[in-house]
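Residue numbers (the working numbering): 975 to 1348.
Backbone N, C-alpha and C define an ideal beta-carbon position, used for all residues, glycine too.
A quick write-up on the structure given underneath.
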């Protein structure tokens, strides 16, 4: 099989394969062709790819005869020309918001596989692009907060007196939240965290942070559906708002990460709660693109309300393009290699599988995913 690696659009510095995964694909017997300049913004030169065993060419030559096409962002509807009928299109395809593109994939006869819909099961952990990119986003959220905050994070004992450590509160303890906790601790902050899932208490403690939980009303036992939190009762939301109000007034840094798949981000911090925070405090809202956890948040901008800076974080993993590309490309390699047939030197899909129906958008000229057809 020939595997094509396409360059990303101007606003996307990540690339879907790195020399390491090119070597692994060629080791499986695949031919890898990379579009010229595809890795430049991630710090990877064309010569790096050549040394790994790839050929370099323009988009037309790269796509010719390709049985699999690796992308970070799905191509637009008018960009599918030149893609072979029956080819696999693999990457972050954003199917809910890009229906026209998904239809174009079907019309072109592509088998489109949306990696962001990877089920959160043990077998698929190494293929999960959302987790790998969220990990980096959680780290970068704290780094950005530290940059915007006008004081030091750790306690410092000096001859001129003591500098108190910053107090950091993480709301939502998924992949991004856990990394935010770990990063803030490494920087020397006093860290606390909360979540609606009771199972996360031990995870918070294991990282040396203080769990802040509603005790009077039952939350979600276990991990919630698919590893995500779900909707909470009105009684729980009221108790949580009261708890947050009393705690947030004492915080210097707040990182919010709460998302519910397919729904607007839950509102965690109101304007009234912002008023109680110290002047100069910083909030990084990782749910900004889904409407934000913080009232007044604007995606892609830093706004100030009541003396508090609110950073509407957007695709923070892009700002770490080299590492983000490495993790993303390993996710794609792990996926394809799990189904690789040594004899045909191509992936072979089993008749019954839990992963493929979840991520397959199009097949045989039709849109087939239940989430798009129901």
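For residue 1328, the closest C-alpha among the options 1030, 987, 1093 is that of 1093. Nearest C-alpha to residue 1298 among 1173, 988, 982, 1104: 988. Rounded to the nearest whole angstrom, the C-alpha separation of residue 1022 and residue 994 is 10 Å. Between residue 1140 and residue 1259, the gap from beta carbon to beta carbon reaches 7 Å or more. Note on geometry: alpha-carbon atoms of residue 986 and residue 1160 lie some 29 Å from one another.
Secondary structure at residue 1250: coil, using DSSP grouped into helix, strand and coil. Bounds of the beta strand (DSSP E) holding residue 1137 are 1135–1137. Restricted to the segment 1048–1086, the alpha helix (DSSP H) segments that are unbroken, complete and at least 4 residues in length are 1073–1081, listed in chain order. Assignment of residue 1166 by DSSP, reduced to helix, strand and coil, places it in the strand class. Pairing residue 982 with residue 1046 gives a Cβ-Cβ distance under 7 Å. Bounds of any alpha helix (DSSP H) do not take in residue 1286; it lies within the beta strand (DSSP E) bounded by 1282–1286. Nearest neighbour of residue 1071 by Cα position, chosen from 1263, 1175, 1116, turns out to be 1263. In its chain, beyond the 5 residues on either side, 1069, 1076, 1086, 1088, 1343 have a beta carbon closer than 6 Å to the beta carbon of residue 1335. Of 1309, 1319, 1317, 1169, the smallest CA-CA separation from residue 1090 is found for 1309. Comparing alpha-carbon positions, the option among 1290, 1124, 1332, 1320 lying closest to residue 1109 turns out to be 1290.
Residue environment analysis places residue 976 among the buried positions, since at least 16 neighbouring C-beta atoms fall within 10 angstroms of its C-beta. The alpha-carbon of residue 1288 is positioned some 14 Å away from that of residue 1233. A contact is defined here as three or more CB-CB pairs under 8 Å, and the segment 1304–1324 meets this definition with respect to the segment 1094–1101. Here DSSP, grouped into helix, strand and coil, assigns residue 1090 to helix. For residue 1031, the enclosing beta strand (DSSP E) begins and ends at 1029–1031. For the 7 Å CB-CB criterion, residue 1067 and residue 1043 do not form a contact. Taking a contact as a CB-CB distance under 8 Å, the pair residue 1153 and residue 1113 counts as one, their CB atoms being some 5 Å apart. Residue 1142 has 1165, 1227 as its beta-bridge partners, per DSSP. If you draw a 10 Å sphere on the C-beta of residue 1009, you find 16 or more other C-beta atoms in it, and that means buried.
In the three-state DSSP reduction, residue 1211 falls in the helix class (H, G or I).
Under DSSP, residue 978 takes part in a beta bridge, and its partners are 1007, 1043. Distance between residue 1038 and residue 1032, taken at the CA atoms: about 10 Å. Residue 1272 and residue 1029 have their C-alpha atoms some 42 Å from each other. DSSP, read as helix, strand or coil, puts residue 1126 in coil.
Across the structure, residue 1000 and residue 1019 are spaced so that their CA atoms are roughly 18 Å apart.
In this structure, residue 1083 keeps its C-beta atom at 7 Å or more from the C-beta atom of residue 1065.
The three-state secondary structure of residue 1245, taken from DSSP, is helix. Taking 8 Å as the upper bound for CB-CB distance, residue 1007 and residue 1036 are in contact here, some 4 Å apart.
For residue 1013, the closest C-alpha among the options 1024, 1223, 1181, 1330 is that of 1024. Excluding the 5 residues flanking it on each side, residue 1184 has same chain C-beta neighbours closer than 6 Å at 1166, in chain order. Counting only runs that start and end inside the segment 1255–1321, the alpha helix (DSSP H) elements of at least 4 residues fall at 1295–1312.
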